[in-house]
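Protein chains in written order, with the numbering used here: chain S, 1 to 325; chain G, 326 to 650.
Report on one structure; see the data block that follows.
Number of protein chains: 2
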Amino acid sequence: MRPTVTDVARKAGVSPSTVSRALGGGIVSETTKAAVLAAASALGYTPNRAARALIGGRTDNIGLLVPDIANPFFTEIVKSVSAHVRRSEYQLLLGSSDEDTAREREMAQALQRTCDGVIACSPRMSDEEVCANADARTTVIVNRLIDGMSCVTADPTSGMEQAVQHLAALGHKHIAYVKGPAGSWSEQRRVEGLKLAQQLGMEVELIQSVTPTYNSGTLAADLVLMSKASAVIAFNDLLAIGILNRLEARGVDVPNDISLIGNDDIDMASMCRPQLTTIASPKEQMGALAAELLPRLLQSGGAEPEQIVLPATLVVRGSTAVARV
Amino acid sequence: MRPTVTDVARKAGVSPSTVSRALGGGIVSETTKAAVLAAASALGYTPNRAARALIGGRTDNIGLLVPDIANPFFTEIVKSVSAHVRRSEYQLLLGSSDEDTAREREMAQALQRTCDGVIACSPRMSDEEVCANADARTTVIVNRLIDGMSCVTADPTSGMEQAVQHLAALGHKHIAYVKGPAGSWSEQRRVEGLKLAQQLGMEVELIQSVTPTYNSGTLAADLVLMSKASAVIAFNDLLAIGILNRLEARGVDVPNDISLIGNDDIDMASMCRPQLTTIASPKEQMGALAAELLPRLLQSGGAEPEQIVLPATLVVRGSTAVARV
DNA sequence: GTGAAAGCGCTAACAA
DNA sequence: TTGTTAGCGCTTTCAC
Numbered sequence: 001m002r003p004t005v006t007d008v009a010r011k012a013g014v015s016p017s018t019v020s021r022a023l024g025g026g027i028v029s030e031t032t033k034a035a036v037l038a039a040a041s042a043l044g045y046t047p048n049r050a051a052r053a054l055i056g057g058r059t060d061n062i063g064l065l066v067p068d069i070a071n072p073f074f075t076e077i078v079k080s081v082s083a084h085v086r087r088s089e090y091q092l093l094l095g096s097s098d099e100d101t102a103r104e105r106e107m108a109q110a111l112q113r114t115c116d117g118v119i120a121c122s123p124r125m126s127d128e129e130v131c132a133n134a135d136a137r138t139t140v141i142v143n144r145l146i147d148g149m150s151c152v153t154a155d156p157t158s159g160m161e162q163a164v165q166h167l168a169a170l171g172h173k174h175i176a177y178v179k180g181p182a183g184s185w186s187e188q189r190r191v192e193g194l195k196l197a198q199q200l201g202m203e204v205e206l207i208q209s210v211t212p213t214y215n216s217g218t219l220a221a222d223l224v225l226m227s228k229a230s231a232v233i234a235f236n237d238l239l240a241i242g243i244l245n246r247l248e249a250r251g252v253d254v255p256n257d258i259s260l261i262g263n264d265d266i267d268m269a270s271m272c273r274p275q276l277t278t279i280a281s282p283k284e285q286m287g288a289l290a291a292e293l294l295p296r297l298l299q300s301g302g303a304e305p306e307q308i309v310l311p312a313t314l315v316v317r318g319s320t321a322v323a324r325v
Numbered sequence: 326m327r328p329t330v331t332d333v334a335r336k337a338g339v340s341p342s343t344v345s346r347a348l349g350g351g352i353v354s355e356t357t358k359a360a361v362l363a364a365a366s367a368l369g370y371t372p373n374r375a376a377r378a379l380i381g382g383r384t385d386n387i388g389l390l391v392p393d394i395a396n397p398f399f400t401e402i403v404k405s406v407s408a409h410v411r412r413s414e415y416q417l418l419l420g421s422s423d424e425d426t427a428r429e430r431e432m433a434q435a436l437q438r439t440c441d442g443v444i445a446c447s448p449r450m451s452d453e454e455v456c457a458n459a460d461a462r463t464t465v466i467v468n469r470l471i472d473g474m475s476c477v478t479a480d481p482t483s484g485m486e487q488a489v490q491h492l493a494a495l496g497h498k499h500i501a502y503v504k505g506p507a508g509s510w511s512e513q514r515r516v517e518g519l520k521l522a523q524q525l526g527m528e529v530e531l532i533q534s535v536t537p538t539y540n541s542g543t544l545a546a547d548l549v550l551m552s553k554a555s556a557v558i559a560f561n562d563l564l565a566i567g568i569l570n571r572l573e574a575r576g577v578d579v580p581n582d583i584s585l586i587g588n589d590d591i592d593m594a595s596m597c598r599p600q601l602t603t604i605a606s607p608k609e610q611m612g613a614l615a616a617e618l619l620p621r622l623l624q625s626g627g628a629e630p631e632q633i634v635l636p637a638t639l640v641v642r643g644s645t646a647v648a649r650v
């Protein structure tokens, strides 16, 4: 049986409440505090989280909700959050909704119930749904901006504009964009960034994708070829790599025949050949900031939502080249 | 304030314990049960997990411990476990030890404390340490076999033997093996499988790697070249892809100059060119089985540890070819 | 500065 | 079949 406060109290010759105070930063004399600490560590005492949780607030859990844990973009955020959480008293509850909005809603509520706070990553729900299903005082949104909520995100529009400008500078006149999930905020902001292409007099073609995955990319590649675009931007790197491989399989050379730009800069983007030109999101930093912001938010009782927008930066590698004349 | 059993009881006109029984599968009359259920759903009642946990056993949490969440091999297992857990009453606590044995030990203990059971994936600790830090009655080990504990794993030795045989059939006489983490059970079992190569009269070279990652692979590639081996097997696909890219960068053609075999069959293995010949582990299935086995183990009070060994299968793709004469 | 007592929400004895 | 009672481990009044 695990030792309890009572055990520690007996061993230290004090009452349970004194133990609680000694361990929890209450007002205790130095001598008794030392005695309690000694007794606690002698017994190998660790507080029972359930009992703590029952009393009032804290469960000391934080929830992390992502659309797809197997998507490297989210995996890297999970890794970063997890590394930061580990250094605190919190434990991490993971929820992966598999890109299913209904499931996302359920999981958001479930996590909310069991956790002090939750970090919701790229929620696919609409703004209204997010607001309805997430308490602004206890949740931090990552990779999306919603009024009145704490958010950490990169700026997708600016990233896209950098990509468009890069392609324009290379002489491309006709580009295609392979779209991401409809409910995705980044998706909407990226499409926004495409307006620059129109302003620059480029022709822009929108191509649907089923899911933001490698397989979807291989499908999209054929649509890209049909479009006669000389350059493609994809919603994310996974799609881009799918496109890349299918294009090469059809004998189309990247970047000489078609230029290709991804989004996110996942590890894989620099592991493929040609290496992928991509719009890098500071995933590590987003995870870290979210993990720091959440406790601050909880501390303040959710009083002041903060919004942090980080820059996205185009990383030019081997998949983009001058357009053919 | 969230509704409690008392609220539901009042609304249904019964006592709290009746509510508890009605909701928890106790003996209740049909009529009162219906009344309680109606009251509960009218109030939007959900049980307080902390209170339940406090009473006795269940926290309804299960813990999942992996060495590195960003390693696609583990990510896919996490995804599979997560999908299965979602359908149960359990919630998933994630711990990633970043390949650090001390951290792994701590996290194993922490998860044990907060969870009904834990799934420990490829623990890097020694057998003795695992036994010391994990309760056999509440933990399932994945990707490793330990006496007296519940385990789900693929057979690394047989996989390696298939790879060796494949290379032998292609006429390779001198092969290199790029090693994985020293504490890894799979690593030890894979080295075991290499004995077959010696029996077949092949020369075998062992090459150290720092971590089982892409970067380590690029380092290892140069050592491979130094070794004069005509074929390489790597501890995992990540290493293999690192090796692949570095070899190509040095003007060495895979598979014509050097054949290359990975391990795990992560998604990336079929996204690179040439596609990677690799020893596939049934990751999805391992996660699923572990997620099914754990509740069964807990149910039985940890009475009967089960051990499940799944076959690993060599998937021949484009990175292996006939040895040059 | 410290102890005694109450109670968080729930379930498991024990009565009825 | 149902209600009453007690208690899980902890913190937090309230006395002292």
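All residues carry an ideal CB built from backbone N, CA and C; glycine is no exception.
Predicted model only: the values in this text are computed from it and were never measured.
Asked	Found
By the 10 Å Cβ neighbour count, where 16 or more other Cβ atoms means buried, how is Glu30(S) classified, buried or exposed?	exposed
With Thr139(S) as the anchor, note down where its beta strand (DSSP E) starts and where it stops.	Thr139 to Val142
By a C-beta neighbour count over all protein chains shown, 10 Å radius and 16 as the cutoff for buried, is Gly505(G) buried or exposed?	buried
Find the residues of chain G that neighbour Cys121(S), judging by a C-beta separation of less than 9 Å, and give them in chain order.	Simply none; closest approach about 14 Å.
Can you pull the chain S residues whose beta carbon is under 9 Å from the beta carbon of Arg598(G), in chain order?	Asn245, Glu248, Cys272 and Arg273
Using a Cβ cut-off of 8 Å (strictly closer), state whether Tyr90(S) contacts chain G.	no
Please classify Asp589(G): does DSSP put it in a helix, a strand, or coil?	strand
Could you run through the stretch 21 to 51 of chain S and flag, in chain order, every residue whose CB is less than 8 Å away from some CB of chain G?	Thr46, Asn48, Arg49, Ala50 and Ala51
Quick one, which of Glu401(G), Ala395(G) and Glu528(G) has its alpha-carbon nearest Ser80(S)'s?	Ala395(G)
Evaluate Glu401(G) with the Cβ neighbour count: other Cβ atoms within 10 Å of its Cβ, from every protein chain shown; 16 or more gives buried, anything less gives exposed.	buried
Does DSSP classify Ile583(G) as helix, strand or coil?	coil
Closer than 8 Å between beta carbons: that is the criterion. Which residues of the stretch 503 to 537 of chain G meet it against chain S?	none
Across the stretch 426 to 442 of chain G and the stretch 116 to 136 of chain S, are there enough close Cβ pairs to call them in contact, namely three or more that are closer than 8 Å?	no
Please report the residue range of the beta strand (DSSP E) in which Ser96(S) lies.	Gln91 to Ser96
Out of Ala545(G), Asn581(G), Gly643(G) and Asp589(G), which has the shortest C-alpha to C-alpha gap to Arg571(G)?	Ala545(G)
Specify the secondary structure class of Thr32(S) as computed by DSSP and reduced to three states.	helix
Please report whether the beta-carbon of Thr384(G) lies at a distance below 8 Å from any beta-carbon of chain S.	yes
For Gln487(G), count the other beta carbons within 10 Å of its own beta carbon; 16 or more makes it buried, fewer makes it exposed. Which is it?	buried
Residue range of the beta strand (DSSP E) that Ala231(S) falls in?	Ala231 to Ala234
Using a Cβ-Cβ distance cut-off of 8 Å, determine whether Ile69(S) contacts chain G.	yes
Give the range of the beta strand (DSSP E) segment to which His499(G) is assigned.	His499 to Val503
Does at least one heavy atom of the ligand COA sit under 7 Å from the Cβ of Arg296(S)?	With respect to the ligand COA, the structure offers nothing, as it holds no ligand at all.
Any idea what DSSP makes of Glu424(G), helix, strand or coil?	coil
Have a look at the DSSP bridge pairing and note the partners of Ala120(S).	Leu65(S) and Ile141(S)
Identify every run of the alpha helix (DSSP H) within the stretch 270 to 300 of chain S, keeping only runs that are complete inside it and at least 4 residues long; order them along the chain.	283 to 299
Given a cut-off of 8 Å on the beta-carbon distance, is the pair Pro537(G) and Ala637(G) in contact?	no
Between Ala427(G) and Val391(G), what straight-line distance do the alpha-carbon atoms span, to the nearest angstrom?	13 Å
Let me check understanding here. Comparing Cα to Cα, which of Ala50(S), Lys11(S) and Asp267(S) lies closest to Ala39(S)?	Lys11(S)
Residue ranges of each beta strand (DSSP E) run of no fewer than 3 residues wholly in the stretch 490 to 549 of chain G, ordered along the chain?	499 to 503 and 528 to 532
Measuring CB to CB, does Leu92(S) end up less than 8 Å from Val178(S)?	no
Where Val316(S) and Tyr539(G) are concerned, what is the direct C-alpha to C-alpha distance, given to the nearest angstrom?	21 Å
Around the C-beta of Arg291(S), are 16 or more other C-beta atoms found within 10 angstroms, so that it is buried, or is it exposed?	This sequence places Ala at residue 291(S); Arg is not what is there. Under this definition Ala291(S) is a buried residue.
Quick check: what's the CA-CA separation for Asp547(G) versus Glu99(S)?	41 Å
Could you please give me the residues that DSSP links to Ser475(G) through a beta bridge?	Val465(G)
Can Leu525(G) and Val489(G) be called in contact, C-beta distance under 8 Å?	yes
Would Arg438(G) pass as an interface residue toward chain S - the criterion being a Cβ-Cβ separation below 8 Å?	yes
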